[in-house]
Amino acid sequence: MAKQGAKKRKEENSRHMTKLLRLIIACNVIYVLVRMLFFYSTFTWKHWIGLLLTTAAYVIPYQQLASMAKPAYDDDGELFDGGFDMSTGGVCGYLHDVIYITSFVQIMSIISDKFWYTYLVIPAFGGYKIFGLTRGFFSQSSEGGEEDEKTRKKREKMERKASKAKIMKTRAR
958 MAKQGAKKRK EENSRHMTKL LRLIIACNVI YVLVRMLFFY STFTWKHWIG LLLTTAAYVI
1018 PYQQLASMAK PAYDDDGELF DGGFDMSTGG VCGYLHDVIY ITSFVQIMSI ISDKFWYTYL
1078 VIPAFGGYKI FGLTRGFFSQ SSEGGEEDEK TRKKREKMER KASKAKIMKT RAR
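Here my numbering runs 957 ahead of the position in the sequence shown, where the first position is 1.
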């Protein structure tokens, strides 16, 4: 019964990774067919570099997600972990975002080359996250500073209130 969750997660991860692979293949096929066959006269070396860039931006996150989704087996060959939950945020969510942004950029770059600037969202977001992380380390927090009298009294009052046992009144019948 305990292995049921692991089996379910394994199946969900398998379906999810198949869906991602189909998205990647569909975007690449559409790009190659439309850009190389229909707009072949405007296809330059820059588009080859773009195709290589999008391929790398697909392969690296997909391989990382595939390794996260891989189930784990014990020595007897029984499933004991169904893999990482792909619906969670954090690194897994960021890897999905890279794949989805890449598919958007690849398809939209058929219409206009200006859509390649959308890729700047990824390093901009990374910079934003790093800035937030470093700001926490280098900022002057109020914990080490002097506390004025009014703030101190208010804090002490709140602490006394929280430490008192709450008395519940009940009705006697």
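A virtual CB, placed ideally from N, CA and C, is assigned to each residue, including glycine. Remember, predicted model here, so these are calculated numbers, not experimental data.
- Item | Cβ pair residue 980, residue 1060 closer than 7 angstroms | In the sequence shown, the residue the question calls residue 980 occupies position 23. In the sequence shown, the residue the question calls residue 1060 occupies position 103. Closer than 7 angstroms, so yes.
- Message: Contact between the stretch 987–997 and the stretch 1024–1034 is defined here as three or more beta-carbon pairs at a separation below 8 angstroms; is this criterion met?
- Response: Taking one beta carbon from each stretch, the stretch 987–997 and the stretch 1024–1034 have fewer than 3 pairs nearer than 8 angstroms; the two do not touch.
- Query: alpha helix (DSSP H) containing residue 1082: first to last residue?
  - Reply: Here residue 1082 corresponds to residue number 125 of the sequence shown, with the count starting at 1. Unbroken alpha helix (DSSP H) run through residue 1082: 1078–1095.
- Task: Going by DSSP, name the residue or residues bridged to residue 1038.
- Result: Residue mapping note: residue 1038 aligns to position 81 of the sequence shown, counting from 1. Looking at the DSSP assignment, residue 1038 forms a beta bridge with 1029.
- Query: What is the rounded straight-line gap between the Cα of residue 1015 and the Cα of residue 1057?
  - Reply: In the sequence shown, the residue the question calls residue 1015 occupies position 58. In the sequence shown, the residue the question calls residue 1057 occupies position 100. When rounded, the distance between both Cα atoms is 9 angstroms.
- My understanding is that residue 1021 touches residue 978, with C-beta atoms under 8 angstroms, so please give their C-beta distance in whole angstroms. Here residue 1021 refers to the residue found at position 64 of the sequence shown. Here residue 978 refers to the residue found at position 21 of the sequence shown. Wrong, their Cβ atoms sit about 14 angstroms apart, outside the cutoff.
- Message: Can you look up residue 1099 in the DSSP assignment and give me helix, strand or coil?
- Response: Numbered from its first residue, the sequence shown carries residue 1099 at position 142. Summary for residue 1099: the model assigns pLDDT 49, below 50, so the residue's position carries little reliability; its value from the coordinates is reported in the next sentence. Residue 1099: coil per DSSP, three-state reduction.
- Message: Would residue 967 and residue 1039 be called neighbours here (beta carbons separated by less than 7 angstroms)?
- Response: On the sequence shown, residue 967 is found 10 positions in, with the first residue counted as 1. On the sequence shown, residue 1039 is found 82 positions in, with the first residue counted as 1. Yes, these two residues count as a Cβ contact at 7 angstroms.
- Message: Looking only at its chain, what residues have a beta carbon closer than 6 angstroms to the beta carbon of residue 1072, apart from the 5 residues adjacent to it on each side?
- Response: Here the question's residue 1072 lines up with position 115 in the sequence shown. Contacts found: 1062, 1065 and 1066.
- Rank 1018, 973 and 1108 by C-alpha distance to the C-alpha of residue 1079 and give the top, closest one. Counting from one through the sequence shown, the residue named residue 1079 turns up at place 122. Measuring C-alpha to C-alpha distances from residue 1079 to each of 1018, 973 and 1108 identifies 1018 as the nearest.
- Task: Starting from the C-beta of residue 1023, find all residues in its chain whose C-beta is less than 7 angstroms away, skip the five residues before and the five after it, and write them out in chain order.
- Result: Reading the sequence shown from its first residue, position 66 is the one you call residue 1023. In its chain, beyond the 5 residues on either side, 974 have a beta carbon closer than 7 angstroms to the beta carbon of residue 1023.
- Message: One question on the structure: do residue 985 and residue 1043 come within less than 7 angstroms of each other, judged by their Cβ atoms?
- Response: Counted from its first residue, the sequence shown places residue 985 at position 28. Counted from its first residue, the sequence shown places residue 1043 at position 86. Not closer than 7 angstroms, so no.
- If we call anything under 7 angstroms between Cβ atoms a contact, is residue 914 one with residue 1036? This structure leaves residue 914 out entirely; the chain is present only between 958 and 1130.
- Check each candidate in 1118, 1047 and 1114 and name the one with the smallest Cα separation from residue 1086. Counted from its first residue, the sequence shown places residue 1086 at position 129. Answer by Cα proximity: 1047.
- Query: Relative to the alpha-carbon of residue 996, which residue among 1070, 1107, 1077 and 1105 has its alpha-carbon at the smallest distance?
  - Reply: Residue mapping note: residue 996 aligns to position 39 of the sequence shown, counting from 1. Checked all of 1070, 1107, 1077 and 1105; the closest Cα to residue 996 is 1070.
- Message: Distance check for residue 1084 and residue 1091, CA to CA, integer angstroms please.
- Response: Looking up residue 1091 in the sequence shown gives position 134. Looking up residue 1084 in the sequence shown gives position 127. One alpha carbon belongs to residue 1091, the other to residue 1084, and they sit about 10 angstroms apart.
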